[in-house]
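Residue numbers (UniProt numbering): 1 to 416.
We put the CB at the ideal spot given by N, CA and C, even for glycine.
None of these values were measured; they are calculated from a predicted model.
Below is one structure; the comments refer to it alone.
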Amino acid sequence: MAFHEFHSQQQLKLDKEVQSIIDKFEINQVKLIKLCNEYTDSLQTFKVNHLFGTGQEAGDVVLAYLQRPFFKICLVRVNFNNSQILHQQCNKISQELFNSEHQLAERMCAYTLMFLRLYLPHLYDTPFILPFIVQDYPVRYYSLPVKYQRLLQLAGIYNVQVKVTSESLASLNYTNYSTYFMGASKNINLIASCFIGETYCSCIRVTNSKAGLLDFRIPLTKLPKTDFDFHTIDRFDKLITSDHISETVRNCLIFLHSRRQILSKYHSLCDLPNCIKSHFKLDTDTMAHIVLDESEKLSIANLVMLQQWELETNTNDRQVIKKIVKAVIKRSATLSAIPIVVEIMNHIKHLKEQNETFQSATIGCNGSLIEIFPDYNKYFSETLANSPLGPDIAKKINVTTNMEAIEIGGACLVYQ
């Protein structure tokens with residue numbers, strides 16, 4: 001009897017601790033409304049179609065897109081309001097290659113040439129455009145040198161990539177081409193909206209790129225934060241991205257383990273598997289499997305964590321991990337929706353000044369989190385309804401997903 005009482009007390013203690021952690025990530029309606037109202041003036045508003053596109057843009061663009069660890073290359077047919085991807089390939093690049101900009105450039109170029117030979121042999125005689133899109137990563141995230149961080153627009157990696165690409169293409173008699181080097185993919189989503197004809201507005205959170213529109217300047221001190229967050233300079237962006245989610249969940253697990261409340265198989269931090277001890281090993285693909293597992297003992301989650309993370313868990317551990325992942329994902333979706341809320345609020349204000357009423361809007365979203373977490377868009381839509389917009393306006397807002405926005409936007413951007 002004493003054992004059962006002790007176990008019950010321990011379970012209650014764990015439940016209370018976990019709930020306390022979850023509460024830290026909760027952005028309730030009061031907090032949400034306060035955030036939205038504080039940042040109403042933080043977005044630049046403009047008429048999308050007045051800034052981009054003449055309606056005459058047309059052509060084929062070969063586009064290369066790097067987002068660690070994947071390198072995608074595709075052929076995009078640009079046609080205003082009807083752009084589409086004709087062919088694409090996605091290749092995984094080993095982490096070791098990210099330690100050297102020259103090796104990375106060589107591997108990217110090799111994949112590019114394979115794609116050209118396979119799909120575009122006619123380009124020997126036809127001019128074509130080859131833009132490279134490279135995500136921006138904070139220096140504390142990856143092993144690329146500091147000077148290649150922050151939109152990667154400094155001369156270093158640009159020159160390396162162009163030099164390697166030019167030499168390789170010339171050796172294969174590809175000479176009639178031009179190349180571009182672009183910054184983070186977030187810069188490109190809005191441009192895509194103009195060329196696929198379905199997005200009303202898009203939020204782009206960057207500060208120093210030629211395509212950095214709708215710059216969301218939020219005082220960092222006003223953002224909700226917890227002791228489990230991985231703090232970066234660009235904190236708004238990193239509170240909602242996959243890598244930050246990975247680190248936040250990891251920090252929560254380390255905290256609970258340190259209090260001997262989960263992962264009891266591992267006696268100390270040193271005994272924990274690499275996925276916990278090392279940064280950025282808790283991938284969101286595996287987290288998605290955990291969240292989607294509705295079985296009583298989370299058996300699928302158990303199998304996936306064993307295979308992908310080499311993490312041994314009991315049922316109680318898995319239930320705790322699932323709760324924490326869902327809480328962090330929900331906060332990510334909520335924060336992602338705030339810029340859209342603010343933009344719509346500004347738009348409605350503008351309409352009222354013109355004695356017009358808000359009719360409807362379509363919000364185009366993309367990204368790996370939206371793709372792999374089915375509830376992400378649901379949380380996004382709930383945020384719209386709970387925001388100062390209210391449920392009636394939220395019903396007029398259609399949230400759509402277009403996973404090709406980066407590629408199409410990048411191709412269209414070369415015409416600007």
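CA-CA distance, Leu116 and Ser83? The alpha-carbon atoms of Leu116 and Ser83 are separated by roughly 20 Å.
Let me make sure I understand the geometry here. Which of Met305, Asn251, Asn398 and Gln29 has the alpha-carbon closest to that of Thr226? Asn251
Check whether the region 318–326 and the region 351–366 touch, using three or more Cβ-Cβ pairs below 8 Å as the test. No, the region 318–326 does not touch the region 351–366.
At least 3 beta-carbon pairs within less than 8 Å: the region 340–350 vs the region 301–311: no
By Cβ distance, which residues of its chain are closer than 7 Å to Ala337, with the 5 residues on each side in sequence left out? Phe380, Thr383 and Leu384
To test your reading of the DSSP string, which unbroken alpha helix (DSSP H) runs of 4 or more residues are found completely within the region 240–321? 242–258, 274–277, 284–292 and 299–304
Given 8 Å as the limit, is there contact between the region 257–277 and the region 29–38, that is, 3 or more CB pairs closer than that? no
Determine the direct distance from the alpha carbon of Gln9 to that of Pro69, and round the result to whole angstroms. So the alpha carbons of these two residues sit roughly 44 Å apart.
Taking only the alpha-carbon atoms, compute the straight-line gap between residue 423 and Ile73 and give it to the nearest angstrom. Any question about residue 423 goes unanswered here, given that the chain covers just 1 to 416.
Use the C-beta contact count for Leu306: other C-beta atoms within 10 angstroms, 16 or more gives buried, fewer gives exposed. exposed
Counterpart residues of Gln88 in DSSP-defined beta bridges: Cys74
Taking 7 Å as the threshold (C-beta atoms), are Thr401 and Ile370 in contact? yes
Chain B beta carbons: is any one of them nearer than 7 Å to that of Asn314? Among the chains in the structure shown there is no chain B, since it carries only a single protein chain.
Near Ser246, which residues of its chain fall below 6 Å by C-beta distance, leaving aside the five closest residues on each side in sequence? Phe280 and Leu282
Name the DSSP bridge partner or partners of Leu79? Here residue 79 is Asn; the residue named in the question, Leu, does not match the sequence. Residue pairing by DSSP places Asn79 opposite Ala58 in a beta bridge.
Check for me: the alpha helix (DSSP H) holding Pro391 runs from which residue to which? Gly390 to Ala394
Going by beta-carbon coordinates alone, are Leu104 and Leu86 separated by less than 7 Å? Taking 7 Å as the Cβ cut-off, Leu104 and Leu86 do not qualify as a contacting pair.
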